[in-house]
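The next block holds one structure in the form of C-alpha cells; read it before the comments.
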Amino acid sequence: MFNDITTLLLRPKVFKDAVEFFLERYRDMGISAVAGIEARGFIFGPSIALAIGAKFIPLQKPKKLPGEVFSEAYELEYGKDRLEMHIGAVQPGDRVLIFDDLIATGGTLCAAMKLIEQAGAEVVECACLIGSPKFKGRYKLNGKPVYVLVECRQ
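Taking the working numbering, the leading residue of the sequence shown gets 49, the next gets one more, and so forth.
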C-alpha cells in the first residue's frame with residue numbers, strides 16, 4: 049500500500065494548514081522533543097518541533113547515523129526493517145511526540161516507541177498524516193494514543 053503526500057507539499061496553503069492542525073493539538077502538551085521517522089516524518093517533524101520550541105530527533109534506517117545508536121528491528125506489511133536513533137538524543141524526562149506520514153501495520157511506530165522508551169523518555173503520542181484502518185496498526189501500539197489527520201477509506 050502506498051499513499052503519496054507529495055501533492056499536499058506542492059500546495060503551500062494546504063501544507064501550512066496541515067502543519068497548523070498538528071500545532072493546534074501539540075502546542076500546549078509540554079512536548080520537549082519531536083521524533084520524525086525517515087523519510088517523510090522529516091518533512092513535518094522539524095516544522096512542528098520548531099513551532100513548539102522542541103528539539104527534533106531523526107529516526108533513521110540502519111547505518112545512516114554516525115556514532116553510537118540505539119537500534120530496533122520491526123516488521124512491515126512487505127518485509128522487515130530497522131530504525132536507529134543516536135544515543136543521547138533523548139533524555140529521561142523528555143516528553144516525545146513521534147511523527148510519521150502514515151500508520152498502516154503499526155510496526156514502524158512500535159519500533160520508534162521502543163527506541164524512545166529505551167532511552168528513558170516518555171512517548172506522549174504518535175501522530176500521522178494518514179491512517180490506513182484496514183491494517184489495524186493503531187491497535188498494536190499498547191494503548192499509546194495515535195492522532196491521525198486523515199483516515200483512508202477501506
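Backbone N, C-alpha and C fix where the C-beta goes; we use that ideal spot for every residue, glycine too.
Segment limits, beta strand (DSSP E) that includes residue i
i       : result
Pro-106 : 103–107
Cys-200 : Premise fails: Cys-200 is in no beta strand (DSSP E) and is neither H nor E.
Asp-129 : 127–134
Leu-150 : 143–151
Ile-85  : 81–85
Leu-124 : 117–124
Residue i, buried or exposed, once every other Cβ within 10 Å from all chains shown has been counted against 16
i       : result
Arg-12  : This structure cannot settle anything about residue 12, because the visible part of the chain is limited to 49 through 202.
Pro-110 : exposed
Ile-135 : exposed
Leu-177 : buried
Pro-60  : exposed
Val-62  : exposed
Gly-127 : exposed
Met-77  : exposed
Gly-93  : buried
Gly-179 : buried
Met-49  : Because Met-49 carries a pLDDT of 47, less than 50, the predicted location of this residue cannot be relied on, and no value is offered for it.
C-beta atoms of residue i and residue j nearer than 8 Å
i       : j       : result
Asp-149 : Arg-88  : yes
Ala-97  : Val-82  : yes
Phe-104 : Gly-84  : yes
Ile-91  : Leu-131 : no
Leu-163 : Leu-113 : no
Extent of the continuous alpha helix (DSSP H) run through residue i
i       : result
Gly-168 : Neither: Gly-168 is in no alpha helix (DSSP H) and is coded neither H nor E.
Arg-73  : 60–74
Leu-204 : Since the first residue of the chain shown is 49 and the last is 202, residue 204 is not available in this structure.
Leu-56  : 54–57
Ala-99  : 89–100
Supposed contact pair residue j and residue i - C-beta distance, whole angstroms, cut 8 Å
i       : j       : result
Cys-174 : Val-194 : 5 Å
Gly-101 : Leu-124 : About 33 Å separates the two Cβ atoms, so there is no contact after all.
Contact test: residue i Cβ vs the ligand SAM heavy atom, cutoff 7 Å
i      : result
Val-67 : In the structure shown, the ligand SAM is absent, as is every other ligand, since no ligand is present at all.
Are the region 112–126 and the region 141–161 touching, with three or more C-beta to C-beta distances below 8 Å? yes
Check whether the region 129–145 and the region 163–177 are in contact - that is, three or more C-beta pairs closer than 8 Å. yes
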